[in-house]
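Residue numbers (UniProt numbering): 1 to 502. C-beta: ideal position from N, C-alpha, C; glycine also.
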């Protein structure tokens, strides 16, 4: 083995008896990763479609009421790839005592059941040094869950391939800031930086997604494992020849099997639910619902691409054939009489909005809008420049739109005095005049008090409206909610450091 990658073995306790969602509930967890506003993660539900089925939720006690809640991916019938820090705590020198593996967990629905891990392996370099270079691990299962859930393939791609600013990638896992046991994905185009050991990315992640796979979006080949965060990036341990050798050494000794190619999961039967449609053959579009759905939008929403020739791509599917696809960007329009369209055009630095419209054979339509940035600076985004300085006009416009839209939806406050019920739903029975909104960002930077007050109000209002999470523990009959019960408060922020930096 390469220096530091000698496998260190640990036999896990194999808990007897049935486990339930409640028995495996998560306690306190350690924090990793960050979400870069806006939160672009998308929930996957149901999770019986591949590759969601091959993404696993890991749960197990560590010590002193501390639980590990991590993510991973099946890479063979009985093998799970995850992060080393999910298995071994370098600071305390302690292994996770036992570990339940739940493929395709979807809240309280576990379509493939669960299995306890029998063995865990991490590189010697992680045990001795705690160096993120060695932050990946392997779990061997007591039974081949992958035969039902499917598994993903792993590849060591070249630095040239990974450094392509058009490289599409997806991060998958079970974040701790979302409803427990729900699977979320975040996508990006072009890593911020690629080194021999790491992939730096601005795709959103949060504690609980540690160990989750980073795959190439086009074919779901795993190229990294979510590891840790830096000031301006989430970081994955890159799959390279050393890590591949580690995986092969482990399975050679443990008798496990790493799939050389991905295996798509068969559809499990869901008692009491209608049968799910069959999964398409590899390379075919997924089955969609009764109206068009966009499965690919490129460049990625809020992503960055370099100036020059930029390819804009959209793929839509529906329950009947998509017969028209129209994409508009930078004053140009492109059309196709099918569900896939790709067009290249020359774009200079700036912010661009793309409009895509899909229509299927039954006449059902879907229209979407998204923004992306064209810049030579890999650190630049829609709201911040490459030096981390806020773009005042853009941030003010975004916050203004959020505040005015939510005021309208809850209270019927019209920002321009016009009735917008034909285009935007509201719980209000009558229209009332809008109120002024503050200026959150100026040339001097953020107005901390105004920004904190607005973000707190938005977060608490959204939580109450959708889930009944009360900011003070009391019911609020004057604010509409879709929830049937009042839930206790949850913390918000902080949005600024003690020194006042955002």
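* To do: Would you kindly report the start and end of the unbroken beta strand (DSSP E) that includes residue 343?
  => Against the chain shown, residue 343 aligns to sequence position 343. Note, residue 343: beta strand (DSSP E), 340-347.
Please report the residue range of the alpha helix (DSSP H) in which residue 118 lies. Here the question's residue 118 lines up with position 118 in the chain shown. Unbroken run through residue 118 is the beta strand (DSSP E), 115-123; no alpha helix (DSSP H).
Problem set entry | Cβ neighbour criterion (16 or more within 10 Å) applied to residue 238 | Position 238 of the chain shown, counted from the start, is the residue given in the question as residue 238. Burial call: buried.
What number of angstroms, rounded off, separates the C-alpha of residue 78 from the C-alpha of residue 170?
Along the chain shown, read from residue 1 onward, the residue named residue 78 stands at position 78. Along the chain shown, read from residue 1 onward, the residue named residue 170 stands at position 170. Between residue 78 and residue 170, the C-alpha separation is close to 23 Å.
Original post:
Near residue 57, which residues of its chain fall below 7 Å by C-beta distance, leaving aside the five closest residues on each side in sequence?
Top reply: Working through the chain shown from its first residue, we reach residue 57 at position 57. Only 71, 102, 105, 174 and 181 meet the Cβ criterion.
If you reduce the DSSP assignment to three classes, tell me which class residue 157 lands in. For the purposes of this step, residue 157 is taken as the residue at position 157 of the chain shown. Here residue 157 sits in coil by DSSP.
(Q) Buried or exposed for residue 482, going by 16 or more other Cβ atoms inside 10 Å? (A) Here the question's residue 482 lines up with position 482 in the chain shown. Per the 10 Å Cβ criterion, exposed.
| message | Does residue 148 pass the burial test, meaning 16 or more other C-beta atoms within 10 Å, or should it be called exposed? | response | Residue numbering aside, residue 148 sits at position 148 when the chain shown is read from its first letter. Residue 148 comes out buried.
- Query: What is the DSSP secondary structure of residue 358, counted as helix, strand or coil?
  - Reply: On the chain shown, residue 358 is found 358 positions in, with the first residue counted as 1. Strand, per DSSP.
Residues near residue 270 by beta carbon distance below 6 Å, same chain, minus five either side = Start at 1 with the first residue of the chain shown, and residue 270 comes out as number 270. Bear in mind that the predicted position of residue 270 carries a pLDDT of just 42, short of 50, making it too unreliable to give a figure here.
Coarse secondary structure for residue 49, derived from DSSP in three states: Numbered from 1 along the chain shown, position 49 holds the residue referred to as residue 49. Correct three-state label for residue 49: coil.
Item checked: Closest by C-alpha distance to residue 502, when choosing among 251, 377, 165 and 389 -> Numbered from its first residue, the chain shown carries residue 502 at position 502. Comparing Cα-Cα distances from residue 502 to each of 251, 377, 165 and 389, the minimum goes to 389.
Please report the straight-line C-alpha distance between residue 300 and residue 354, rounded to a whole angstrom. Taking the chain shown and counting its residues from 1, the one referred to as residue 300 is at position 300. Taking the chain shown and counting its residues from 1, the one referred to as residue 354 is at position 354. Each residue's alpha carbon lies about 11 Å from the other.
DSSP on residue 253, reduced to helix/strand/coil? By one-based count along the chain shown, residue 253 stands at place 253. Helix, per DSSP.
- Task: Per DSSP, which residues does residue 333 bridge with? Please list them.
- Result: Position 333 of the chain shown, counting from 1, holds the residue named residue 333. Answer is 328, bridged to residue 333.
| Whose C-alpha, out of 75, 197, 479 and 90, is nearest the C-alpha of residue 146? | Within the chain shown, residue 146 is the residue found at index 146, counting from 1. Taking only the C-alpha atoms, the option nearest residue 146 is 75.
task = Assign residue 28 to one of two classes, buried (16 or more other C-beta atoms within 10 Å of its C-beta) or exposed (fewer than that).
result = Translated into positions along the chain shown, residue 28 becomes position 28. Residue placement at residue 28 is poorly supported in this model, since its pLDDT is 32, which falls under 50; the coordinates still yield a value, given next. It counts as exposed.
Task: Cβ-based neighbour list, residue 373, same chain, cut-off 8 Å, excluding 5 preceding and 5 following - done: To locate residue 373, count along the chain shown from 1; it is residue 373. Result list for residue 373: 302, 303, 304, 305, 350, 351, 352, 380, 381 and 382, in chain order.
From 90, 257, 178 and 248, pick the residue whose C-alpha is nearest to that of residue 142; which is it? On the chain shown, residue 142 is found 142 positions in, with the first residue counted as 1. The shortest Cα separation from residue 142 among 90, 257, 178 and 248 belongs to 257.
message = For residue 442, which residues in the same chain have their Cβ closer than 8 Å to its Cβ, ignoring the five residues on either side in sequence?
response = Here the question's residue 442 lines up with position 442 in the chain shown. Same-chain partners within the cutoff: 392.
DSSP three-state call for residue 489: helix, strand or coil?
-> Here residue 489 is taken as the residue at index 489 of the chain shown, counted from 1. Three-state result, residue 489: coil.
query: Where does the unbroken beta strand (DSSP E) through residue 183 begin, and where does it stop?
result: Counting from one through the chain shown, the residue named residue 183 turns up at place 183. Taken as a continuous stretch (DSSP letters only), the beta strand (DSSP E) holding residue 183 covers 183-189.
On a Cα-Cα basis, can you pick out the residue from 495, 494, 320 and 440 that is closest to residue 397? Walking along the chain shown from the start, residue 397 turns up at place 397. It is 440 whose Cα lies nearest to the Cα of residue 397.
Handout entry: Simplified DSSP state of residue 298, which is helix, strand or coil
Key = As a working mapping, residue 298 is identified with position 298 in the chain shown. DSSP places residue 298 in strand when its eight states are reduced to three.
**OP:** Quick one: grab the DSSP three-state call for residue 237.
**Re:** Mapped onto the chain shown, residue 237 falls at position 237. In the structure shown, residue 237 sits in a strand (DSSP, three-state: E or B).
Buried or exposed for residue 432, please, with buried defined as at least 16 other CB atoms from any protein chain shown within 10 angstroms of its CB. In the chain shown, residue 432 corresponds to position 432, counting from 1. Under this definition residue 432 is an exposed residue.
### Message
For a test of the three-state rule: what should DSSP assign to residue 216, helix, strand or coil?
### Response
Along the chain shown, read from residue 1 onward, the residue named residue 216 stands at position 216. Here residue 216 sits in strand by DSSP.
Check whether residue 152 and residue 215 have beta carbons under 8 Å apart
As a first step, residue 152 must be located in the chain shown, where it is residue number 152. As a first step, residue 215 must be located in the chain shown, where it is residue number 215. Result yes, Cβ atoms of residue 152 and residue 215 sit closer than 8 Å.
- Task: Can you give me the Cβ contacts of residue 131 inside the same chain, cut-off strictly under 7 Å, excluding the 5 residues immediately before and after it?
- Result: One-based indexing of the chain shown puts residue 131 at position 131. Counting only Cβ-Cβ distances below 7 Å, and skipping sequence neighbours, we find 125.
(request) Can you grab the Cα-Cα spacing for the pair residue 98 / residue 468, in whole Å? (result) What you label residue 98 is simply residue 98 of the chain shown in a count that begins at 1. What you label residue 468 is simply residue 468 of the chain shown in a count that begins at 1. Rounded to the nearest angstrom, the two C-alpha atoms are 34 Å apart.
Less than 8 Å between the CB atoms is what I'm expecting for residue 323 and residue 359, so what's the real figure, rounded? Within the chain shown, the letter at position 323 stands for residue 323. Within the chain shown, the letter at position 359 stands for residue 359. That belief holds up - the Cβ atoms of residue 323 and residue 359 are roughly 6 Å apart, short of 8 Å.
- Task: Pull up the DSSP beta-bridge partners for residue 198, would you.
- Result: Numbered from 1 along the chain shown, position 198 holds the residue referred to as residue 198. In the DSSP output, where bridge partners are listed per residue, residue 198 has 237.
**Study point:** Cβ contact (3+ pairs, closer than 8 Å) linking the segment 246-254 and the segment 309-329
**Key:** no
*Residue from 166, 343 and 139 with nearest C-alpha to residue 255*: For the purposes of this step, residue 255 is taken as the residue at position 255 of the chain shown. The candidate whose alpha carbon is nearest that of residue 255 is 139.
Requested in this report: Measure from the alpha carbon of residue 209 to the alpha carbon of each residue in 53, 82, 192 and 343, then state which is nearest.
Outcome: Along the chain shown, read from residue 1 onward, the residue named residue 209 stands at position 209. Measuring from the Cα of residue 209, the nearest candidate turns out to be 82.
>> Taking its Cβ as the centre, do 16 or more other Cβ atoms sit within 10 Å of residue 41, making it buried, or is it exposed?
In response: Along the chain shown, one-based indexing puts residue 41 at 41. Counting Cβ neighbours within 10 Å, residue 41 comes out buried, since at least 16 surround it.
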